[in-house]
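K.L.:
Protein sequence lines correspond, in order, to chains P and D.
Residue numbers for the first sequence follow the working numbering, beginning at 26 and rising by one.
Residue numbers for the second sequence follow the working numbering, beginning at 305 and rising by one.
Ideal Cβ placement from N, Cα and C applies to all residues, glycine included.
Remember, predicted model here, so these are calculated numbers, not experimental data.
One structure, as structure tokens, below. Some questions next.
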Amino acid sequence: MASSSVHAETLTINMGPQHPATHGVLRVVLDLEGEVVLGARPDLGYLHTGFEKEMEYRTYHQNIVFPPRIEYLATFIEEAAYVLAVEKLLAITAPPRAQTVRVILMELSRIASHLVWLGTSALDLNVTSAFMYCFQDREEILDLFEMVSGQRMMHGYLRLGGLQWDLPEGFAARVRRFVDDLPRRVNLYEALLTDNLIWRKRTEGVGVLTAADALRYGCTGPLLRGAGVDYDVRKAFPYSGYEQYEFDVPLARRGDSFDRYVIRMEEMRQSRRIILQALDRLPDGPVLVDDRKIALPPRSELVRSMEAVIHQFKLVSEGLRPPVGEVYAAVESPRGEKGYYVISDGSNRPARARIRSASFNNLQALPVMVYRGYLSDVIVAIASIDIVLGDVDR
Amino acid sequence: MSAATDLAARVQARVGTVPLDVHEFRGEITLIAPAERIVDVLGAARAVLGEPVVLTDLTAADRYPSEPRFEVVYLLTGYAPPARLRIKARLAGEAPVIASATGLWPGADWLEREVYDLFGIRFDGHPNLTRILMPADWEGYPLRKDFSLTEEPVEFVEHVPKVPSTIIPKSPPRE
């Protein structure tokens with residue numbers, strides 16, 4: 026008697042907020058019919074810390090510490106997004122050497138972020154060994170970051186108008202050593218996963234997002250390119266001199282989790298190409314603009330010049346005051362378009378600092394991606410979006 | 305005429321008599337549109353930019369204490385050719401409400417919920433206008449300028465809620 030009525034029953038369950046596969050703290054309310062997902066409602070805000078409000082209470086220089094804490098997997102890309110927005114507001118550009126160094130650090134960040142993605146999503150799909158390999162490689166990148174900035178993750182190394190200081194000795198050689206070995210490592214991961222029957226069965230045709238849906242929900246990054254839409258901020262709205270580098274934007278067609286995996290693997294190779302070009306052309310020269318109203322004077326000047334001391338005092342005790350106006354600057358983060366929209370009222374603090382988060386928009390497409398799929402595929406879909414919950418909740 | 309101002313002129317031609325205020329700063333173009341016609345203006349901008357057009361961002365700003373107090377800001381991106389257009393609508397401080405853009409872009413759903421959550425601006429025609437980042441029972445709208453930034457009080461003995469550092473006070477705008 027009961028078989029038909031039991032079958033028709035919809036079961037509502039919670040996934041999260043402490044589910045290990047949510048890569049942070051995310052709760053998804055799922056409506057199930059048996060194993061089939063009929064509805065998914067993400068519930069956010071568990072990591073909301075009010076960064077946008079905090080940024081209104083601090084000077085433009087002080088705010089540089091926030092971005093890497095928001096998207097903690099692609100720290101230099103995040104820092105650059107904020108710094109580029111304020112530089113646009115001030116109508117300054119960093120010196121060529123600083124821009125090239127930024128490109129190297131941003132692409133290393135992209136590789137590090139994709140490695141974490143690969144390791145953790147493989148872990149979600151029970152491939153435990155890939156996780157160890159990926160984190161070993163990422164560790165090398167974090168060591169490079171520590172060498173440059175003194176910090177593995179929360180760098181605060183970028184400055185308005187350039188960098189805190191020049192690269193340490195031996196940095197370029199060590200980066201070269203790392204990227205020289207990278208293709209071998211990426212091939213190794215591909216050998217482990219691409220032709221792995223379980224990996225393919227779990228990802229192919231799972232979490233499909235069509236190009237039309239991706240555009241409607243404002244998805245960017247591998248999610249959008251996996252569906253075949255050619256949009257990369259580095260190509261569409263170049264910044265930091267990306268127009269001078271030769272690299273390809275990998276595209277796929279089906280928009281499933283496997284396509285996103287293929288794209289991220291290829292993006293690591295393209296990042297390597299950019300890093301090699303940047304190392305080859307790394308120009309000599311200053312790494313910070315020579316404008317005492319924006320950048321701190323060098324130490325050596327402080328002992329000789331009263332004017333330098335006054336500039337130092339004004340910048341530290343009051344901060345800089347950009348003209349009244351508003352700008353939006355975006356970068357291509359590993360998860361898509363990351364932008365800062367900064368409104369200045371002419372005082373030493375931003376009147377509004379808005380963080381356009383790629384993960385927030387991407388996660389919004391989750392209900393579409395998992396509709397009529399299996400419960401176990403929700404894990405795969407979430408993993409393939411590559412969300413950073415700190416970035417979603419801000 | 306630059307490419308940016310040309311874009312603004314073409315949007316103006318499409319919306320006819322709706323008055324649009326055009327601003328350009330650092331090469332970025334901003335149109336200020338009347339709030340009651342915002343959906344028409346967004347639709348016109350979408351047609352001008354040429355598909356695909358994506359609602360990259362939707363946010364708000366509080367200009368307290370000046371009136372009209374709130375600005376709702378839409379950032380549109382055309383992918384081919386790459387172009388950006390910012391459209392703003394100003395709302396009075398008392399019970400701010402504006403038409404929802406979810407009919408044009410389903411992706412406006414969460415963005416509008418976020419603006420409602422943090423600024424208290426209501427979106428007419430939104431399918432599910434509830435808080436998204438703050439707890440459902442939260443009182444007040446945190447990103448409003450008159451919502452002071454202090455630590456949430458907890459019931460510990462002698463606990464004094466922290467306020468943000470004022471070591472560097474806010475300066476007056478520069479001359």
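If you measure from the beta carbon of residue 374 of chain P to each beta carbon in chain D, is any gap under 9 Å?
P.N.:
yes
K.L.:
Would you identify the three-state DSSP class for residue 413 of chain P, choosing helix, strand or coil?
P.N.:
coil
K.L.:
For residue 119 of chain P, which option in P:255, P:187 and P:98 has the closest C-alpha, if you only look at C-alpha atoms?
P.N.:
P:187
K.L.:
On the DSSP letters alone, give me the boundaries of the alpha helix (DSSP H) that residue 125 of chain P sits inside.
P.N.:
121-149
K.L.:
Hey, quick one: how far does the alpha helix (DSSP H) through residue 452 of chain D stretch, first residue to last?
P.N.:
Per DSSP, residue 452 of chain D belongs to no alpha helix (DSSP H) and is neither H nor E.
K.L.:
Rounded to the nearest angstrom, what separates residue 341 of chain D and residue 322 of chain D at their Cα positions?
P.N.:
8 Å
K.L.:
Run through chain D and tell me which residues come within less than 8 Å of residue 84 of chain P, C-beta to C-beta.
P.N.:
472
K.L.:
Inspect the beta-carbon positions of residue 146 of chain P and residue 358 of chain P and report whether they are closer than 9 Å.
P.N.:
no
K.L.:
With respect to the alpha helix (DSSP H) encompassing residue 326 of chain P, which residues constitute its N-terminal and C-terminal limits?
P.N.:
Counting along the chain, the alpha helix (DSSP H) containing residue 326 of chain P begins and ends at 324-327.
K.L.:
CB residue 380 of chain P to CB residue 79 of chain P, shorter than 9 Å?
P.N.:
no
K.L.:
Counting only beta-carbon separations shorter than 9 Å, does residue 355 of chain P have a partner in chain D?
P.N.:
yes
K.L.:
For residue 346 of chain D and residue 391 of chain D, I'd like the C-alpha separation in whole angstroms.
P.N.:
One C-alpha to the other measures close to 8 Å.
K.L.:
Is it buried or exposed, residue 157 of chain P, if we count other Cβ atoms within 10 angstroms and call 16 or more buried?
P.N.:
exposed
K.L.:
Measure the alpha-carbon distance for residue 365 of chain D versus residue 82 of chain P and round it to whole angstroms.
P.N.:
15 Å
K.L.:
For residue 432 of chain D, name the three-state secondary structure that DSSP assigns.
P.N.:
coil
K.L.:
Can you tell me whether DSSP reads residue 39 of chain P as helix, strand or coil?
P.N.:
strand
K.L.:
Run down chain P in chain order and give the residues with a C-beta less than 7 Å from the C-beta of residue 475 of chain D.
P.N.:
Within 7 Å Cβ-Cβ: 343, 346, 372 and 373.
K.L.:
Give the residues of chain D in contact with residue 116 of chain P, contact being defined as C-beta atoms less than 8 Å apart.
P.N.:
330
K.L.:
If the cut-off is 7 Å on Cβ atoms, which residues from the segment 351-363 of chain D count as contacting chain P, listed in chain order?
P.N.:
356, 358, 359, 360, 361 and 363
K.L.:
Which residues does DSSP list as the beta-bridge partners of residue 351 of chain P?
P.N.:
P:368
K.L.:
Which same chain residues end up closer than 7 Å to residue 446 of chain D when comparing Cβ atoms and leaving out the 5 residues on each side of it in sequence?
P.N.:
422 and 438
K.L.:
Under three-state DSSP, which class holds residue 98 of chain P?
P.N.:
coil
K.L.:
Which residues, in chain order, does the segment 410-435 of chain D contribute to contact with chain P at a C-beta distance below 9 Å?
P.N.:
410, 411, 412, 413, 414, 415, 418, 421, 422 and 435
K.L.:
Taking the alpha carbon of residue 163 of chain P as the point to measure from, which residue in P:204, P:192 and P:49 has its own alpha carbon closest?
P.N.:
When each option's Cα is compared against that of residue 163 of chain P, the closest is P:204.
K.L.:
Taking only beta-carbon positions, decide if residue 377 of chain D is within less than 9 Å of chain P.
P.N.:
yes
K.L.:
Can you tell me where the beta strand (DSSP E) with residue 56 of chain P in it begins and where it stops?
P.N.:
52-58
K.L.:
Assign residue 26 of chain P to buried or exposed, taking buried as 16 or more other Cβ atoms, counted over all protein chains shown, within 10 Å of its Cβ.
P.N.:
Residue confidence for residue 26 of chain P is low, a pLDDT of 45 falling below 50, so the modelled location carries little weight and cannot support an answer.
K.L.:
Rounded to the nearest angstrom, how far is the Cβ of residue 476 of chain D from that of residue 372 of chain P, given a contact under 8 Å?
P.N.:
6 Å
K.L.:
Can you tell me which of P:281, P:200, P:225 and P:261 puts its alpha carbon nearest to the alpha carbon of residue 231 of chain P?
P.N.:
P:281
K.L.:
Could you tell me which chain D residues have their CB closer than 9 Å to the CB of residue 256 of chain P, listed as they occur along the chain?
P.N.:
356, 358, 381, 383, 384 and 386
K.L.:
In the DSSP assignment, find the alpha helix (DSSP H) that holds residue 288 of chain P and state where it starts and stops.
P.N.:
282-306
K.L.:
Only counting the same chain, and skipping five residues up and downstream in sequence, which positions put a Cβ closer than 8 Å to that of residue 376 of chain P?
P.N.:
81, 368, 369 and 370
K.L.:
According to DSSP, is residue 160 of chain P part of a helix, a strand, or is it coil?
P.N.:
helix
K.L.:
Any beta-carbon of chain D closer than 9 Å to the one on residue 352 of chain P?
P.N.:
yes
K.L.:
Which residue marks the beginning of the beta strand (DSSP E) containing residue 327 of chain D, and which one marks its end?
P.N.:
Residue 327 of chain D -> beta strand (DSSP E) spans 325-329.
K.L.:
Considering only C-alpha positions, which residue in the set P:61, P:93 and P:190 is nearest to residue 397 of chain P?
P.N.:
P:61
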